[in-house]
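All letters in the sequence shown, in the order written, are residues 1 to 214 by the numbering used here.
First up is the structure itself, then whatever we jot down about it.
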Amino acid sequence: MLVPEGKAGRLKNGEEYPPNLAGIPGSSLRMARYLLRPAKSDPSLDCCVRYAILRAGDVGEFMRSMLGAATVALLALSALSGCSFFDSNLVTACEKVLKQRLLSPSGYRRVEVSQLSDKVMTREEYGNYLNKTEKDANARTLYMRLFDELKPTIFSLIIRYDAPNAYGTLIRGISACDYFDRNGDASTAAYYSVEVDGKSSSDWSHDRVRELIK
1 MLVPEGKAGR
11 LKNGEEYPPN
21 LAGIPGSSLR
31 MARYLLRPAK
41 SDPSLDCCVR
51 YAILRAGDVG
61 EFMRSMLGAA
71 TVALLALSAL
81 SGCSFFDSNL
91 VTACEKVLKQ
101 RLLSPSGYRR
111 VEVSQLSDKV
121 MTREEYGNYL
131 NKTEKDANAR
141 TLYMRLFDEL
151 KPTIFSLIIR
161 YDAPNAYGTL
171 IRGISACDYF
181 DRNGDASTAA
191 YYSVEVDGKS
201 SSDWSHDRVR
211 ELIK
């Protein structure tokens, strides 16, 4: 059933869809709704799709006049260079920590970000990780008991960048960034939970304080 332009509506499964999708007929509406669905496996791709549809302006008019869903799909692909993996929580968190360590954070320029293969830990590897990172013995025991229900994973990135030195000259740098998540979900990464070149944001800050009070 069509909904008048400018009115909010619901799909058969009860989900609401935005006013600018109201009035779109048949398969176009279904495709638009599919593109606007919450991403379950790749939040960064969802970012691109949403961005592309917003770029289209009035989706209802656009889809009716420009071959409907197929055009929106092409528009979504054209936005990949602006979003995708490079605007994920993991990359954002890693770059935030990296910038804090530069002489001139505002001069940071990303050159390339490469994602290495995700490392899913074995039971032994997870146990060793907990021994290094978890001081509470009871917590370590609990986490190990839950191992079969978890998916402990280390996500790793290599970031190549240019940043100015003390004289303002751009210097090429390279850093490694790692993030651990017990459930294997990289979308939960935050600046306080990633490690850049083997140190978290707090570790690096503590080292800086020690250097200043020497």
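Built from N, CA and C at the ideal position, the CB exists for glycine as well.
Every value quoted in this text rests on a predicted model; they were computed, and no experiment measured them.
Beta carbon of residue i, beta carbon of residue j: below 8 Å?
i      : j      : result
Arg208 : Tyr161 : no
Leu90  : Pro164 : no
Ala166 : Ala93  : no
Arg140 : Asn128 : no
Could you round the C-beta distance between residue i and residue j to whole angstroms and report it? I think they count as a contact, below 8 Å.
i      : j      : result
Tyr192 : Ser201 : 6 Å
Gln115 : Leu157 : 6 Å
Ile159 : Val120 : With 8 Å as the limit, Ile159 and Val120 do not qualify as a contact, their Cβ atoms being about 22 Å apart.
Ser117 : Ala186 : That pair is no contact at about 13 Å.
What are the start and end residues of the beta strand (DSSP E) that includes residue i?
i      : result
Arg172 : Leu170 to Asp181
Thr122 : Careful: Thr122 lies outside any beta strand (DSSP E) and carries neither H nor E.
Arg215 : With the chain covering 1 to 214 only, the question about residue 215 has no answer from this structure.
Tyr161 : Thr153 to Pro164
Ser114 : Arg109 to Gln115
Glu195 : Val194 to Val196
Check for me: the alpha helix (DSSP H) holding residue i runs from which residue to which?
i      : result
Asp207 : Ser201 to Leu212
Ala137 : Ala137 to Arg145
Compare the C-beta of residue i against all C-beta atoms of chain C and say whether one is closer than 8 Å.
i      : result
Ser156 : Chain labels in this structure do not include chain C; a single protein chain is all it has.
Exercise for the section: Tell me, please, whether the segment 94 to 111 touches the segment 170 to 177 by the rule of three or more beta-carbon pairs shorter than 8 Å. Expected result: yes
Exercise for the section: Kindly confirm or deny that the segment 150 to 168 and the segment 176 to 190 touch, where touching means at least three C-beta pairs closer than 8 Å. Expected result: yes
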